[in-house]
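Student:
Residue numbers (the numbering used here), protein chains in the order written: chain V, 838 to 1153; chain B, 3 to 532.
See the structure below:
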């Protein structure tokens, strides 16, 4: 009798998984645009890039897409980079973007902006994320309102490219007086065990894919301090990772906190991002010997994107 | 963990408790349920669990003392002559009454201090302001432990049942603690009696496959009510009730109607999850709803809506008051004076008033809740008062009271009265409720429906279509249940392909059309806040 119930349960669950799988195929966006229901379109713009053309992949929360401008990096050094950063990104989401990017790209460097390491989440969020990854129906179920004929049986084709390559442009200026936010201390800001494990897993995945995994803290008077710096230093030592805290490079990157932030030191604006990206471009090129693609034929779309990027800046 | 609809509960807590329950020897299963219940409470209310433990200790000690007094009395009664027995009974009755009164006052006192001191403070301050007295009092504010209104009523019922010698007190503190904290009934009830729950909780019942399946079906049904209907309606209702000045009477009336629907779907959906979760353990938990919107009168509505609360008020407030000596005397006097209909009604109304005042207070510390209770008291009393007149009118105009049309009229009339009550219940205070009601009466318009404004307040046309489909499903199931048929038994007789297809359709319906994820804020368990 018990065997009968076990077999029935197994068959029922198999049927249910097939139903959820089929529904997931239907609702999953068939292109990486908003019209097709894609979430985080800017970060997912990487799906529209040619295969194996991204040298540097950036992951993280809003600090990442506010501080690093791939087009500035391109113009300075000819290095291709893409920011897969999203608002309040948790490390399990960073891991999703990393895995997704590695399917079509072979980045030489993967940067994790460190503010995300201090974003704690519950194990339940991980379970939810697991369900969402396995069955995108849970994430994209709301698409029932805008389902298209192509969703039934159409193939997935990502055609959209973001000219800003994941960067969020803002020329808004709302300065701050905070200058001494990086005063030295021996205090260490604790990192949750879950986040430590995710950093470890990301480092391992990068190593398996021949990518250098590095940690970078971009300037922010609101989110960063020396205790957090110490915490990341210890983490970097433990997992043997390169760590660069740009908050300490006040001589190299001349951030003017009265002009270079859009929200009182929380995030950089375009002017701050330009300074950070310029420094980062030359630093990465020298430190990790990345090549200049500006004259290469297959990267001409990047030059075109840069022209459009310039237009956007000029218009604003 | 926040509710029975959270991933934590459905995907982790409930399956884990179910697995361990089955792995445990029968003898110790109650212990596992106790640990699970305390963990559940701790995960929601943290250190406020001390309130629950205190209430359990109070009830435990007093109940044992009551039993001690009862056994002393019984021993004496055996020894004494018949003539002396009455005096002994009275003596011990008084002793017991003092003790049980102290117990009830402590339990209700804790609830009152935590729940109403802020409300009382605000009102005292308002009086001082009105009298221009330069006195400022500090208004206290307490964080309430989850389910305090529910476990307090359970505790009181336990004490009073021991006092009335309906049940024997529980000597095992752990077992009593389980009755008080059982994780399935602690958040939103139903308010269970010790006599209904004790054996089920303590005997370590064998789980049956059919019960398990029934339980899972019931949980799914509850999920549909909550996630597809109640949560989808949330944004619309919130907007209307928070910003009622921006809408005409038609929209406010529609908002009140949708809120009534939301409240029913949320509360009865939670009860489906509670009863369904109980069924997978082979527990039979009291039904809290019985198709309330088929009620023909307000009295009937309250026999079908939040049944366990109604029964509690009936058993522990209405009957004791009605049977008290002063009211009995009043009934005999009034019967002679006003006749057989209005005579008993007079004393009954006093008991009824106390019940509805308590009902209003129980629901929350606000004048709108007190109004809500007294509104229903007025409706029930009014119905009783005009009953003879309405009977005469019906026979004069030859209205067939058993006709379908008349029943339909009664159901619609009761529904409208319920919706008006819920408008005050949901309003941001009594003043807002009155303003909203006045707007319905003086500024009623259907313009918002004709110019499609209705589709721009958090719900578009497609959202409404989904809600209508889901509500119609619930409506059809309710009709079948009202006819005394069991939907689940009917389904269980169908061929497996049809049966499973139905289950898959329901699951996919919830997954696809559920209002969850980005852009949605689920409704907090509404009754958990009471």
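The C-beta atom is built at its ideal place from N, Cα and C for all residues, glycine as well.
The model shown is predicted, which means the values in this text are computed figures rather than measured ones.
1. Over what stretch of residues does the beta strand (DSSP E) that includes residue 897 of chain V continue unbroken?
2. Starting from residue 950 of chain V, follow its DSSP beta bridges and name the residues at the other end.
3. How should residue 27 of chain B be labelled, buried or exposed, when 16 other C-beta atoms within 10 angstroms of its C-beta is the threshold for buried?
4. Name the chain V residues that come within less than 9 Å of residue 559 of chain B, Cβ to Cβ?
5. Counting contacts by CB-CB distance shorter than 8 Å, is residue 464 of chain B in contact with chain V?
6. Give the residues from the region 972–987 of chain V that approach chain B closer than 8 Å (Cβ to any Cβ), ordered along the chain.
7. Starting from residue 10 of chain B, find everything on chain V with Cβ-Cβ shorter than 7 Å and list it in chain order.
8. Assign residue 186 of chain B to one of three DSSP states: helix, strand, or coil.
9. Taking the straight line between their C-alpha atoms, what separation do you get for residue 1040 of chain V and residue 1052 of chain V?
10. With a threshold of 8 Å between beta carbons, is residue 173 of chain B in contact with chain V?
11. Under 7 Å Cβ-Cβ, which residues of chain V neighbour residue 211 of chain B?
12. Residues in the same chain with beta-carbon distance under 6 Å from residue 538 of chain B, minus the five sequence neighbours each way, listed in chain order, please.
13. Helix or strand or just coil, what does DSSP make of residue 368 of chain B?
14. How many whole angstroms separate the CB atoms of residue 193 of chain B and residue 367 of chain B, which I take to be in contact at a CB cut-off of 8 Å?
15. Just reading off the beta strand (DSSP E) that residue 918 of chain V is part of, what are its end residues?
16. Helix, strand or coil for residue 398 of chain B per DSSP?
17. Just tell me which of V/927, V/884, V/856 has its CA closest to the CA of residue 1033 of chain V.
18. Along chain B, in chain order, which residues have C-beta atoms closer than 8 Å to that of residue 1102 of chain V?
19. Are there 16 or more other CB atoms within 10 angstroms of the CB of residue 898 of chain V, so buried, or fewer, so exposed?
20. Among B/32, B/420, B/410, B/342, which one has its Cα closest to the Cα of residue 376 of chain B?
21. Going along the chain, which residues of its own chain have a beta-carbon closer than 8 Å to the beta-carbon of residue 153 of chain B, five neighbours each way excluded?
22. Going by DSSP, what residues sit across from residue 307 of chain B in a beta bridge?
23. For residue 6 of chain B, which three-state DSSP category applies?
24. What is the DSSP secondary structure of residue 1154 of chain V, counted as helix, strand or coil?
25. In whole angstroms, what is the alpha-carbon distance linking residue 40 of chain B and residue 68 of chain B?
26. What would DSSP say about residue 40 of chain B, mapped onto helix, strand or coil?
27. Is residue 297 of chain B closer than 8 Å to residue 221 of chain B when the C-beta atoms are compared?
28. In three-state terms, what does DSSP make of residue 995 of chain V?
29. Output the boundary residues of the beta strand (DSSP E) element that contains residue 1081 of chain V.
30. When you compare the CB of residue 965 of chain V with every CB in chain B, is at least one pair closer than 8 Å?
31. By the DSSP assignment, the alpha helix (DSSP H) with residue 514 of chain B in it spans what residues?
32. In terms of alpha-carbon separation, which member of V/1113, V/1068, V/1072 lies closest to residue 1088 of chain V?
33. With 16 as the cutoff for other CB atoms within 10 Å, does residue 428 of chain B come out buried or exposed?
34. Whole angstroms is fine: what's the gap from residue 923 of chain V's alpha carbon to residue 948 of chain V's?
35. Give the DSSP-derived three-state secondary structure of residue 1098 of chain V in the structure shown.
36. Excluding the five sequence neighbours on either side, which residues of its own chain have a C-beta within less than 7 Å of the C-beta of residue 861 of chain V, listed in chain order?
Tutor: In terms of the structure at hand:
1. From DSSP, the beta strand (DSSP E) with residue 897 of chain V extends over 893–897.
2. Under the DSSP definition of a beta bridge, residue 950 of chain V partners with V/1053.
3. So residue 27 of chain B ends up on the exposed side.
4. A question about residue 559 of chain B goes unanswered here, because the residues of chain B that appear run from 3 up to 532.
5. Taking a beta-carbon distance threshold of 8 Å, residue 464 of chain B counts as an interface residue toward chain V.
6. Residues 974, 975, 976, 978, 979, 981, 982.
7. By Cβ distance, chain V contributes 961.
8. In the three-state scheme derived from DSSP, where H, G and I count as helix and E and B as strand, residue 186 of chain B is classed as coil.
9. Roughly 10 Å separates the two Cα atoms.
10. Interface residue (Cβ-Cβ distance to chain V less than 8 Å): residue 173 of chain B is not classified as such.
11. Residues of chain V passing the Cβ test: 842.
12. As shown, chain B starts at 3 and ends at 532. That puts residue 538 of chain B outside it, with no answer to give.
13. Residue 368 of chain B falls in the coil class under three-state DSSP.
14. Contact flag wrong, Cβ pair sits at about 19 Å.
15. That run of the beta strand (DSSP E) goes 918–922.
16. Of the three classes helix, strand and coil, the one that applies to residue 398 of chain B here is helix, per DSSP.
17. Minimum Cα distance to residue 1033 of chain V is reached at V/927.
18. What residue 1102 of chain V touches in chain B: nothing, since even the nearest Cβ is about 28 Å away.
19. The Cβ neighbour count for residue 898 of chain V, taken over all protein chains shown within 10 Å, is at least 16; the residue is labelled buried.
20. The option with the nearest alpha carbon to residue 376 of chain B is B/420.
21. Residues 54, 57, 182, 183, 188 of the same chain have their beta carbon placed closer than 8 Å to that of residue 153 of chain B, with the five preceding and five following residues left out of the count.
22. Residue 307 of chain B is bridged by DSSP to B/291.
23. Residue 6 of chain B falls in the coil class under three-state DSSP.
24. Outside the modelled stretch of chain V, which goes from 838 to 1153, sits residue 1154 of chain V, for which no answer is possible.
25. Approximately 27 Å between the Cα atoms of the pair.
26. Reduced to three states, the DSSP call for residue 40 of chain B is helix.
27. In this structure, residue 297 of chain B does not lie closer than 8 Å to residue 221 of chain B by Cβ.
28. Looking at residue 995 of chain V - three-state DSSP - the assignment turns out to be coil, as it is neither helix nor strand.
29. For residue 1081 of chain V, the enclosing beta strand (DSSP E) starts and ends at 1079–1082.
30. Cβ-Cβ to chain B under 8 Å: yes for residue 965 of chain V.
31. Its alpha helix (DSSP H) spans residues 498–515.
32. The residue with the shortest Cα to Cα distance from residue 1088 of chain V is V/1113.
33. Around the beta-carbon of residue 428 of chain B, 16 or more other beta-carbon atoms lie within 10 Å, marking it buried.
34. Spanning the alpha carbons of residue 923 of chain V and residue 948 of chain V requires a straight line of approximately 14 Å.
35. Three-state result, residue 1098 of chain V: strand.
36. Scanning its chain for C-beta atoms nearer than 7 Å, with the 5 sequence neighbours on each side dropped, one finds around residue 861 of chain V the residues 972, 973, 974, in chain order.
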